[in-house]
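Peer 1: FYI, the numbering for the sequence shown is 2 to 87, going by my numbering.
For every residue, glycine included, the Cβ atom is placed at its ideal position computed from N, Cα and C.
Here you go, one structure.
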Amino acid sequence: MSMKLIKKTDTHRIYQRRDDRYAVTDADKRPVNGDEKVAILLAEGLVTAPAPKQPEPEEPEAAEEAAADEGAEAPAEEAPAEDGAE
2 MSMKLIKKTD THRIYQRRDD RYAVTDADKR PVNGDEKVAI LLAEGLVTAP APKQPEPEEP
62 EAAEEAAADE GAEAPAEEAP AEDGAE
């Protein structure tokens with residue numbers, strides 16, 4: 002048999018495949034995929050959720066340069082042209 006039964010409950014069965022990944026089936030032996038599968042595996046403690054990435058702190062010099070660049074790139078407001086004739 003290519004998959005080993007890890008856990009059987011009333012609502013689902015969890016199998017471990019030969020490549021060490023998991024397969025989940027529902028009570029009717031239909032495969033469960035996506036977010037529902039992840040939720041089941043997390044609840045059973047078979048997988049762990051990845052830690053959210055921390056934003057890299059900006060260096061103070063880089064923040065000042067970015068602010069200066071933004072000011073330089075802003076278009077200058079043009080004054081209305083005066084013809085002298087009304």
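#1: Just the C-alpha distance for Gln17 and Glu59, rounded to the nearest angstrom, thanks.
#2: Rounded to the nearest angstrom, what separates Lys8 and Glu37 at their Cα positions?
#3: In whole angstroms, what separates the C-alpha of Thr10 from that of Gln55?
#4: Report the option in Asp29, Pro53, Arg31, Ile15 whose CA atom is closest to the CA atom of Ala44.
#5: Could you check how far apart the C-beta atoms of Leu42 and Tyr23 are, in whole angstroms? I think they sit under 8 Å.
#6: Short check: CB of Thr12 to CB of Ala28, under 8 Å?
#7: Under three-state DSSP, which class holds Lys54?
#8: Based on DSSP bridge pairs, tell me the residues matched to Ile15.
Peer 2: Straight from the coordinates:
#1: The sequence position of residue 17 within the sequence shown is 16, counting from 1. The sequence position of residue 59 within the sequence shown is 58, counting from 1. Answer to the nearest angstrom: the Cα atoms are 43 Å apart.
#2: Sequence index remark: in the sequence shown, residue 8 carries index 7 (1-based). Sequence index remark: in the sequence shown, residue 37 carries index 36 (1-based). Whole-angstrom Cα-Cα distance: 16 Å.
#3: One-based indexing of the sequence shown puts residue 10 at position 9. One-based indexing of the sequence shown puts residue 55 at position 54. Taking the straight line joining both Cα atoms gives about 37 Å.
#4: The count along the sequence shown starts at 1 and reaches residue 44 at position 43. Ranking Asp29, Pro53, Arg31, Ile15 by Cα distance to Ala44 puts Ile15 first.
#5: As a position in the sequence shown, residue 42 is number 41, starting the count at 1. As a position in the sequence shown, residue 23 is number 22, starting the count at 1. Your pair Leu42 and Tyr23 checks out as a contact, with CB atoms roughly 6 Å apart and the cut at 8 Å.
#6: The count along the sequence shown starts at 1 and reaches residue 12 at position 11. The count along the sequence shown starts at 1 and reaches residue 28 at position 27. Yes, Cβ-Cβ distance for Thr12 and Ala28 is below 8 Å.
#7: By one-based count along the sequence shown, residue 54 stands at place 53. Here Lys54 sits in coil by DSSP.
#8: Walking along the sequence shown from the start, residue 15 turns up at place 14. Secondary-structure assignment with DSSP links Ile15 through a beta bridge to Lys8, Val25.
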